[in-house]
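Notes follow once the structure below has been shown.
In this note's numbering, the protein residues as written are 1 to 401.
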């Protein structure tokens with residue numbers, strides 16, 4: 001088996017069980033590892049540190065998956081790691097129509113593997129060469145443990161490009177999922193189980209078909225929507241608006257750049273009995289909010305759930321400007337006493353930086369803003385303490401005066 005030796009002083013992240021070894025940390029490579037193969041990681045003094053998967057075309061050369069010298073990264077390891085991840089979701093998705101993330105890549109000790117459950121179907125992402133090479137084993141394990149009706153691949157994330165892999169999607173096993181599938185978001189233990197049915201587009205929708213990470217936050221934002229004129233920005237499937245409608249919102253305005261997304265949102269609102277009047281607008285959110293400001297429109301509650309603005313560290317400064325601009329516009333459109341629910345899914349933008357950005361936007365808008373709730377990703381997206389990159393979604397609910 002090939003091995004890599006780290007440069008002196010570059011061992012600390014692995015000693016703290018961070019799974020990534022960057023190219024700049026490697027002092028020497030022994031052997032000729034092929035992409036996706038298992039390699040040993042040694043300290044500068046030759047001490048064994050970890051075992052992981054090699055990727056010669058990525059800046060992340062090794063993704064460590066074992067810190068036990070006696071644990072091979074074989075099929076038995078893969079089965080055990082997936083089974084452990086499933087045990088960690090026990091009770092979150094109890095019924096057949098439930099939706100839940102079952103495997104969350106490095107956060108579950110399975111670098112490059114995403115598995116989402118949508119009722120009887122599974123959608124997987126194989127984001128690294130190591131997982132792509134083990135696709136048959138992954139499928140066999142999932143079939144044995146979960147007995148799904150079908151497994152569908154949606155490996156179209158930009159991470160594949162960094163691995164030198166093309167995007168790939170299609171059926172891997174069993175039936176193909178329907179074009180739209182009704183589901184219910186995850187269930188928090190101890191809650192009464194009341195949550196709406198929502199439609200997901202597993203084959204061509206964004207991510208794996210639905211934004212599962214916002215499941216809990218939609219209910220929290222909905223709690224402030226009774227009697228409110230709601231503006232839902234970057235609305236995608238309209239899930240936030242469905243919760244707002246159930247809570248008794250007076251009116252809904254949904255904006256998204258994708259007409260197809262708004263078609264899905266329209267269908268979701270149609271499933272919500274007694275939904276208020278809804279205006280669905282296809283276009284650029286920044287441009288439309290400026291138009292609303294010029295027209296003197298105001299809202300009682302605004303939801304900002306934009307896509308990731310920072311794909312790399314070099315883009316963080318530009319992303320911060322984008323977040324400030326969109327939050328500034330929202331502050332200017334809110335009535336006194338209104339609610340702003342603002343989110344960032346850019347992992348490179350920390351919660352501390354995000355709060356500073358929202359603070360700066362409030363200052364420029366000359367509005368007083370009070371944080372009344374801090375939000376994060378749903379519990380089926382656990383944060384591994386040794387891998388802070390898994391803590392990516394942050395949100396603030398603010399009362400604005």
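Every residue gets a Cβ at the ideal spot worked out from N, C-alpha and C, and that includes glycine.
Report the residue from the options whose alpha carbon sits nearest the alpha carbon of residue i.
i           : options               : result
residue 53  : 24, 381, 42 and 33    : 33
residue 150 : 140, 313, 107 and 112 : 140
residue 82  : 98, 70 and 65         : 65
residue 130 : 211, 105, 26 and 289  : 105
residue 217 : 342, 58 and 118       : 342
residue 351 : 377, 203, 362 and 330 : 377
residue 278 : 371, 285, 245 and 303 : 245
residue 256 : 267, 248 and 238      : 238
residue 123 : 201, 165, 50 and 92   : 201
residue 382 : 14, 359 and 92        : 92
residue 260 : 211, 248, 379 and 206 : 206
residue 208 : 258, 396 and 116      : 116
residue 84  : 74, 102 and 68        : 102
residue 345 : 361, 367 and 319      : 319
residue 311 : 362, 373, 162 and 264 : 162
residue 314 : 296, 331 and 348      : 348
Can you name the residues that DSSP bridges to residue i?
i           : result
residue 225 : Residue 225 is not bridged to any residue.
residue 168 : 155
residue 5   : 28 and 42
residue 358 : Residue 358 pairs with nothing; no bridge assigned.
residue 184 : 98
residue 343 : 395
residue 291 : According to DSSP, which records beta bridges pairwise, residue 291 is partnered with nothing at all.
residue 125 : 114
Do the CB positions of residue i and residue j come within less than 8 Å of each other?
i           : j           : result
residue 325 : residue 234 : no
residue 153 : residue 176 : no
residue 301 : residue 224 : yes
residue 392 : residue 333 : no
residue 128 : residue 112 : yes
residue 29  : residue 62  : no
residue 181 : residue 236 : no
residue 401 : residue 336 : yes
residue 248 : residue 226 : yes
residue 303 : residue 232 : yes
residue 50  : residue 5   : no
residue 164 : residue 23  : no
residue 357 : residue 398 : no
residue 99  : residue 13  : no
So what's residue i in DSSP terms, helix, strand or just coil?
i           : result
residue 349 : coil
residue 378 : coil
residue 137 : helix
residue 395 : strand
residue 297 : coil
residue 17  : coil
residue 314 : helix
residue 204 : coil
residue 144 : helix
residue 285 : helix
residue 307 : coil
residue 389 : helix
residue 130 : helix
residue 331 : helix
residue 400 : strand
residue 369 : strand
residue 161 : helix
residue 384 : coil
residue 176 : coil
residue 209 : coil
Is residue i a contact residue of the ligand NAP, with contact defined as CB to any heavy atom under 7 Å?
i           : result
residue 107 : Absence of the ligand NAP from the depicted structure is noted, as is the absence of any ligand whatsoever, leaving it without description.
Check whether chain D comes within 8 Å of residue i, counting only Cβ atoms and requiring the distance to be less than that.
i           : result
residue 285 : Any reference to chain D falls outside this structure, which holds one protein chain only.
What ranges does the beta strand (DSSP E) occupy inside the segment 228–277, keeping only unbroken runs of at least 3 residues that lie completely in it?
229–233 and 251–256
Please list the segments of the beta strand (DSSP E) lying wholly inside the segment 41–123, counting only runs of 3 or more residues, in order along the chain.
48–54, 60–66, 99–104 and 113–118
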